[in-house]
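For the record, the sequence lines run as chains A and B.
Numbering-wise (the numbering used here), the first sequence opens with residue 1 and increments by one.
Numbering-wise (the numbering used here), the second sequence opens with residue 249 and increments by one.
Note that CB positions come from ideal geometry on N, CA and C, so glycine has one too.
2 protein chains.
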Amino acid sequence: MKNLLFVISFDGKMYHGWQSQKNAVTVQDTIKKAFFNITGDKANIIGCSRTDAGVHANMFCFSVKTKSTIPTDRFVMALNGQLPFDIAASKCIEVNESFNARFSCIKKEYVYLIDTGEIRNPFLSGRAYHYPFFIDEKRLNETAKHFLGTHDFSAFCSADTVVLSKIRTIYDIGVKRNGDIVSINICADGFLYNMARIIVGTLIYTENGKIKESEIPQIISSLDRTRAGITVMPQGLYLNKVFYDFEI
Amino acid sequence: MKNLLFVISFDGKMYHGWQSQKNAVTVQDTIKKAFFNITGDKANIIGCSRTDAGVHANMFCFSVKTKSTIPTDRFVMALNGQLPFDIAASKCIEVNESFNARFSCIKKEYVYLIDTGEIRNPFLSGRAYHYPFFIDEKRLNETAKHFLGTHDFSAFCSADTVVLSKIRTIYDIGVKRNGDIVSINICADGFLYNMARIIVGTLIYTENGKIKESEIPQIISSLDRTRAGITVMPQGLYLNKVFYDFEI
Numbered sequence: 001m002k003n004l005l006f007v008i009s010f011d012g013k014m015y016h017g018w019q020s021q022k023n024a025v026t027v028q029d030t031i032k033k034a035f036f037n038i039t040g041d042k043a044n045i046i047g048c049s050r051t052d053a054g055v056h057a058n059m060f061c062f063s064v065k066t067k068s069t070i071p072t073d074r075f076v077m078a079l080n081g082q083l084p085f086d087i088a089a090s091k092c093i094e095v096n097e098s099f100n101a102r103f104s105c106i107k108k109e110y111v112y113l114i115d116t117g118e119i120r121n122p123f124l125s126g127r128a129y130h131y132p133f134f135i136d137e138k139r140l141n142e143t144a145k146h147f148l149g150t151h152d153f154s155a156f157c158s159a160d161t162v163v164l165s166k167i168r169t170i171y172d173i174g175v176k177r178n179g180d181i182v183s184i185n186i187c188a189d190g191f192l193y194n195m196a197r198i199i200v201g202t203l204i205y206t207e208n209g210k211i212k213e214s215e216i217p218q219i220i221s222s223l224d225r226t227r228a229g230i231t232v233m234p235q236g237l238y239l240n241k242v243f244y245d246f247e248i
Numbered sequence: 249m250k251n252l253l254f255v256i257s258f259d260g261k262m263y264h265g266w267q268s269q270k271n272a273v274t275v276q277d278t279i280k281k282a283f284f285n286i287t288g289d290k291a292n293i294i295g296c297s298r299t300d301a302g303v304h305a306n307m308f309c310f311s312v313k314t315k316s317t318i319p320t321d322r323f324v325m326a327l328n329g330q331l332p333f334d335i336a337a338s339k340c341i342e343v344n345e346s347f348n349a350r351f352s353c354i355k356k357e358y359v360y361l362i363d364t365g366e367i368r369n370p371f372l373s374g375r376a377y378h379y380p381f382f383i384d385e386k387r388l389n390e391t392a393k394h395f396l397g398t399h400d401f402s403a404f405c406s407a408d409t410v411v412l413s414k415i416r417t418i419y420d421i422g423v424k425r426n427g428d429i430v431s432i433n434i435c436a437d438g439f440l441y442n443m444a445r446i447i448v449g450t451l452i453y454t455e456n457g458k459i460k461e462s463e464i465p466q467i468i469s470s471l472d473r474t475r476a477g478i479t480v481m482p483q484g485l486y487l488n489k490v491f492y493d494f495e496i
C-alpha cells in the first residue's frame, strides 16, 4: 500500500466545490472516478481543503492510499488522461503512511481577484469579482495588515460555522495591482468557512466607506459576524498555495 | 438614422463564430437580439471580420444603422445589460453614413497563444493551444519575418477559399514569450480564410523540424496549400486590434 500526494489545479466554474455531494458534480468525485478508471481502486481521496462551489485552485493537494503498481512518476500523465479539461494534475510523490493532505497541512494561501475595469471583461467571467470602482491598492495593503496575527475570527466566518476553535493565525496578507486587477493574498494556518471571502468583503467596505479602516480591530474583537463586510462571490477566490512540513 | 460603431470583446468558446447561422449560436445573432431588445430595431449588424467557431476577440468592431434615440454615450451600458457574460461592449461612437465596419477596415491584428507548459493549464482550456514542447521564441521571431510584405497567400488559406484576390500585405509579425505562453502577433491589411492559423501552423513546423526555416519563401511562392503546415486549432486565436482611418 502506497500513500500518494498529488498536486492539481482546477477551474472551479463547473463544480459544486471540492467535497462529494449527492446530485452535484464536485472535484473530489471527478478525481475519484478518474482514479478508479486507471487503478480499479475505489479509493478514499483526501483533499487539503473544502473549497466552495465556484472557487478555483492554482494549487490543491490530495492524498490517496492505493495498491496500484503504476510507477509514481507515471501517475500524473495517467490521471490527466482521465481528467476533464478543467482539472489537471502536475505532480505525484510518495509520502509516508501517516500523511494526510488535510491534517498534515500547516499553511495555505488564498488569492482573491478583483477586476476594477469599468467594463466587465468576458475573459474574467467566473474568474474575478467585477467591481468597477476605484481601489487604492496601497492604502488597502496597509489596511489589510490589521488582520495579521492570531485572532478569534468569529466575526469573519459564516454564522453557522461549527468548529472547536475559531482562532486562526494570519501569517501574511497583502494587496497588489496588475492593470485593472487588484489581488488580495492571505496566508494562514487555516481558514474558517467563508473567512477569506468575508475578509475581502470587509476590505472592500473600507474602500467604499461603509467601514472605517480604524474599526477593523474592533470588528475582529467583537466576534460579531454582522459587523464585518459582505461575503464576496466565490468566483474570485483561488486556493493558491498549500504548505506541508516538507518541500513539494 | 444614425450609423454607430461599437467596440466589443468576446470569449468565443461557446459560439459558432461571428456570422449568423441556422441551428447554431453565433456572436452576430446574439448581438442582433440584444440590440433588438434595447431598440426594437431588427437591425443589420455588420461585423469587421468573420471569425471562426471558437475564435476570441480582444477587440472586434461592428457597425449598425439605427433610428434609436438612445444617446450614443448610453448605448454601451444598455447593450451590456442585454449581452451574456462572454460578450461585452466597451465603446460606441457615431460614424458617417458611408462607414461599414467590414469594408472600412484598413488593418487587423490577430494574436495566437501557444501554451508550452508541460502540463495543460485548466485556466487556458479553450484559450490557448497546448503544445508542451520547447519553442525558441527568438529564433521563431526571426523565422516569422519571411512572411512580411505583400504576397499571394494561396499556400496559406483553406483550399476552397473563393475570393477575387489572394494577395495580402503583412505589415508586422512577431513572436514573444511570457512564461510558458508564446504569442504570435500578425498584423495585415486582411486575412484569407484560415490564413493566421496556417501561418502559425507553419511556424510551429519550423520548430519541430517538419519544415526548414529557409523553405518558407518557396512555400509562399509555390501557392500550394499542401506545402504549408497544419491549420492550428481556433481556440488559440484572438482578433486583437482593428484599425480604421481614424482613432477609435
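In whole angstroms, give me the CA-to-CA distance for Val343(B) and Asn251(B). Each residue's alpha carbon lies about 6 Å from the other.
What does Pro370(B) touch in chain A if you count any residue whose Cβ is under 8 Å from its own? Here the neighbours are Ser9, Phe10, Asp11, Phe85, Asp86, Ile87 and Ala88.
I'd like to know if Val111(A) contacts chain B, where contact means its C-beta is closer than 9 Å to some C-beta of that chain. Chain B contact via Cβ: absent.
Along the alpha helix (DSSP H) that carries Arg197(A), what are the first and last residues, could you check? Residues Met195 to Glu207.
Members of the segment 121-142 of chain A that neighbour chain B once the beta carbon cut-off is set at 9 Å: Cβ proximity to chain B below 9 Å picks out Asn121, Pro122, Phe123, Ser125, Gly126 and Arg127 from the segment 121-142 of chain A.
Could one say the Cβ of Val324(B) lies closer than 9 Å to chain A's Cβ atoms, at least one of them? Closer than 9 Å to the CB of Val324(B) there is at least one CB belonging to chain A.
Report the option in Gly427(B), Val480(B) and Asp472(B) whose CA atom is closest to the CA atom of Tyr453(B). Closest by alpha carbon: Val480(B).
Starting from the Cα of Gly190(A), find the closest Cα among Ser214(A), Lys145(A), Arg50(A) and Val76(A) and give me that residue. Taking only the C-alpha atoms, the option nearest Gly190(A) is Arg50(A).
Tell me the DSSP bridge mates of Asp52(A)? In the DSSP secondary-structure assignment, Asp52(A) is not bridged to any residue.
Return the chain-ordered list of same chain residues with a C-beta closer than 7 Å to the C-beta of Asn141(A), the five sequence neighbours on each side being excluded. If we look at Asn141(A) and ignore the five residues flanking it on each side, its Cβ neighbours are Gly174 and Val175.
Pair within 9 Å by beta-carbon distance, Phe103(A) and Phe6(A): No Cβ-Cβ contact shorter than 9 Å links Phe103(A) with Phe6(A).
Rounded straight-line distance, which links the Cα of Lys281(B) to that of Ser268(B): Distance between the alpha carbons of Ser268(B) and Lys281(B) is about 11 Å.
Is there at least one non-hydrogen atom of the ligand FMN closer than 8 Å to the beta-carbon of Met262(B)? No copy of the ligand FMN occurs in the structure displayed, which carries no ligand at all.
Return no unless some Cβ of chain C is closer than 9 Å to the Cβ of His16(A). Here the protein chains are A and B, and chain C is not one of them.
Check the Cβ-Cβ distances between Ile119(A) and every residue of chain B, and say whether any is below 9 Å. In terms of beta-carbon proximity, Ile119(A) lines the interface with chain B, with at least one pair separated by less than 9 Å.
When you compare the CB of Asn328(B) with every CB in chain A, is at least one pair closer than 9 Å? It does; some Cβ of chain A falls within 9 Å.
Using a Cβ-Cβ distance cut-off of 9 Å, determine whether His56(A) contacts chain B. Chain B has a Cβ within less than 9 Å of the Cβ of His56(A).
Rounded straight-line distance, which links the Cα of Leu113(A) to that of Ile447(B): Looking at the two C-alpha atoms, the distance is approximately 35 Å.
Thinking C-beta only, is Gln466(B) closer than 9 Å to Arg475(B)? Inclusion of Arg475(B) and Gln466(B) in the CB contact set at 9 Å is warranted, their separation being smaller than that value.
Whose CA, out of Val303(B), Asn328(B), Asn292(B) and Gln276(B), lies closest to the CA of Val312(B)? The residue with the shortest Cα to Cα distance from Val312(B) is Asn292(B).
How should Leu396(B) be labelled, buried or exposed, when 16 other C-beta atoms within 10 angstroms of its C-beta is the threshold for buried? By the neighbour-count rule (16 or more Cβ atoms within 10 Å), Leu396(B) is not buried but exposed.
Can you check the segment 87-167 of chain A for any beta strand (DSSP E) of at least 3 residues that lies completely inside it and give the ranges in chain order? Listed in chain order, the beta strand (DSSP E) elements of length 3 or more contained wholly in the segment 87-167 of chain A are 87-95, 107-115 and 149-152.
Quick one: grab the DSSP three-state call for Ser469(B). Of the three classes helix, strand and coil, the one that applies to Ser469(B) here is helix, per DSSP.
Between the alpha carbons of Ile478(B) and Thr314(B), how many angstroms are there, rounded? If you draw a straight line from the Cα of Ile478(B) to the Cα of Thr314(B), it comes to about 42 Å.
Give a yes or no on whether the C-beta atoms belonging to Ser257(B) and Ala305(B) are separated by under 9 Å. Closer than 9 Å, so yes.
What would DSSP say about Val480(B), mapped onto helix, strand or coil? Here Val480(B) sits in coil by DSSP.
Check the C-beta distance from Pro122(A) over to Phe310(B) and give it rounded, since I have them as a contact under 8 Å. Wrong, their Cβ atoms sit about 15 Å apart, outside the cutoff.
Is the number of C-beta pairs between the segment 414-434 of chain B and the segment 377-391 of chain B that are closer than 8 Å three or more? As far as the Cβ criterion goes, the segment 414-434 of chain B touches the segment 377-391 of chain B, which means the pair count is three or higher.
Can you tell me where the beta strand (DSSP E) holding Phe243(A) begins and where it ends? Looking at the DSSP string, the run of the beta strand (DSSP E) that includes Phe243(A) is Leu237 to Phe243.
Is Asn271(B) helix, strand or coil when you go by DSSP? Asn271(B): coil per DSSP, three-state reduction.
Sheet register partners of Gly47(A) (DSSP bridge): Phe62(A), per the DSSP bridge assignment.
Would a C-beta distance cut-off of 9 Å place His394(B) and Ile464(B) closer than the cut-off? Taking 9 Å as the Cβ cut-off, His394(B) and Ile464(B) qualify as a contacting pair.
Could you tell me the distance, in whole angstroms, from the CA atom of Leu327(B) to the CA atom of Lys355(B)? When rounded, the distance between both Cα atoms is 26 Å.
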